[in-house]
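Below is one structure, written out as structure tokens, with a few remarks after it.
2 protein chains.
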Amino acid sequence: MAGELNDKTPRTERGRRTLRKLLDAAATEFAERGFHEASISGITRSAGVALGTFYTYFDSKDAIFRALVSDMSAGVGKAAREALDPSMGALEVERVALRAFLEFASEHKEIYRIIDEAEFVDPESYRAHYETIGARIEERLKKGAESEEFLPGLGTPEAWALMGMNVFLGLRYVIWAREGDPDFQEIARRANAMLANGIGGSAE
Amino acid sequence: MAGELNDKTPRTERGRRTLRKLLDAAATEFAERGFHEASISGITRSAGVALGTFYTYFDSKDAIFRALVSDMSAGVGKAAREALDPSMGALEVERVALRAFLEFASEHKEIYRIIDEAEFVDPESYRAHYETIGARIEERLKKGAESEEFLPGLGTPEAWALMGMNVFLGLRYVIWAREGDPDFQEIARRANAMLANGIGGSAE
């Protein structure tokens, strides 16, 4: 898999650039045609590399699809990390991470279709994608609980609930965006307010 | 579509029973084989009805798939409604609705696979499924805001966030359930606490 060391991992800068081109081309090809209709020659053509070069990096269409899902998981994580800085409080981290995710998804709209198709094409990658992100969120919640910015006792259910919020806000406001929708900053602010204080009013 | 009046809507109790058998058999067939591998003859065989009978109800495999997605949306709604009663407060409604959804999904584990495959097979049904549920949740949130049990100003972002929580809790605790997981009542309780008061601790 891309990002993991195996005999196909590129060792030169040029190799890494070619791998990147192949993954980006694969994202477009899989998103536009779906896994079954997508072809390796379509990927290499749009990447502008020779067909034979493909096999320097991947054994099969399955292999590049798997690498792409893993690359997209990593991309989601990287987008969040780059937006965060150590001075932020735990709650701010969640707001900024959601906003970064919405922006990432907006620049990589194909991510929903590809991750969702993984459920059928490569169920293990599909599950790994959410397990990875869920674990990352759970770790942040625990850290926030330790610093007493969050309530004690947060764990897997809260992490998956939060992940679901973020995924569905992306579905609605990125993939199915409509004219007049609030912008990403406002969506992240509202989700964060919900996370901070809940929606219980005076009766609570 | 099942549930809508057209020339294929059964008018007798016996017709409705046959339709139900076909939809249940379709759920199993599509979940086990996927849309493309599934066949009308597989559906009628497992429903125990003649192949010709199928066409009294549906024009095609696409048509029964579409009807099935719509039937599952209705099933989710019905499960929630049956668990609710008018004496419940707005917050309790959300707790009970989530628990009912987890139980429904647990008895109809195929729902995730079928709804998710609709994204590829019948994108309009896929979107309609979530738009319908999102609108239902949004209405409940507005009602809760009116009765002042919820904060004012709740709308589409909060409804989709809540829908995402519920869908992902089902994914993790129904579809990917593990030994030692909390039970549905406890999951619904924790999600409801998060909804009521958020996760902000003393620093909030």
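Protein chains in written order, with UniProt numbering: chain A, 1 to 204; chain B, 1 to 204.
Just so it is clear, CB atoms sit at the ideal spot from N, CA and C, and this is done for glycine as well.
Here the structure is a predicted model, which means the values were calculated and not measured.
Where does G48/B fall in DSSP's three states? coil
Where the alpha helix (DSSP H) containing R16/A begins and where it ends: 13 to 37
How do the stretch 157 to 175 of chain A and the stretch 155 to 168 of chain B stand: do at least 3 beta-carbon pairs fall below 8 Å, yes or no? yes
Please report the residue range of the alpha helix (DSSP H) in which I114/A lies. 110 to 121
Between which two residues does the alpha helix (DSSP H) holding S87/B run? Premise fails: S87/B is in no alpha helix (DSSP H) and is neither H nor E.
I137/A vs S73/A beta-carbon contact at 8 Å: no
Figure out for me which residue from A26/B, I187/B, W176/B has the closest Cα to the Cα of S46/B. A26/B
Rounded to the nearest angstrom, what separates R189/A and R16/B at their Cα positions? Answer to the nearest angstrom: the Cα atoms are 48 Å apart.
Does the distance from the C-beta atom of E131/A to that of M194/B stay below 8 Å? no
Let me see if you follow: with CB-CB separation under 8 Å, is H129/B close to chain A or not? For H129/B, the answer is no, since every Cβ of chain A falls outside 8 Å of its Cβ.
Chain B partners of residue 217/A, CB-CB under 7 Å? Because chain A is modelled from 1 through 204, residue 217/A falls outside the range shown and cannot be assessed.
Give a yes or no on whether the C-beta atoms belonging to E32/A and I43/A are separated by under 8 Å. no
In angstroms with no decimal places, state the Cα-to-Cα distance between I187/A and Y126/A. 26 Å
Any C-beta of chain B within less than 9 Å: which residues of the stretch 95 to 116 of chain A qualify? Y112, R113, D116
Could you give the distance in angstroms between the alpha-carbon of I115/B and the alpha-carbon of D24/A? Cα-Cα distance, rounded: 28 Å.
Quick one: give me the first and last residue of the alpha helix (DSSP H) that E148/B is part of. No alpha helix (DSSP H) contains E148/B, which DSSP labels as neither H nor E.
Is G153/A helix, strand or coil by DSSP? coil
Quick check: the Cα distance between P123/A and G34/B, rounded to an integer number of angstroms? 13 Å
How about I40/A: is its C-beta nearer than 8 Å to some C-beta of chain B? no
For E124/B, return the contacting residues in chain D, with the cut-off set at a CB-CB distance below 9 Å. You won't find chain D in this structure, because its protein chains are A and B.
Within chain B, partners of L154/A - CB distance below 7 Å: Those are I199, listed as they occur along chain B.
Span separating the alpha-carbon of K8/A from that of T56/A: 6 Å
So which residues on chain B does E119/A lean against when the C-beta distance must stay under 7 Å? D116
Cβ-based burial, R140/B [other Cβ within 10 Å; buried from 16]: Looking at its Cβ environment, which holds 16 or more other Cβ atoms inside 10 Å, R140/B is buried.
Counting only Cβ pairs nearer than 8 Å, list the residues of chain A close to N150/B. First, the amino acid is wrong: residue 150/B is Phe here, not Asn. In chain order: I199, G200, G201.
With a threshold of 8 Å between beta-carbons, can G34/A be considered close to chain B, or not? yes
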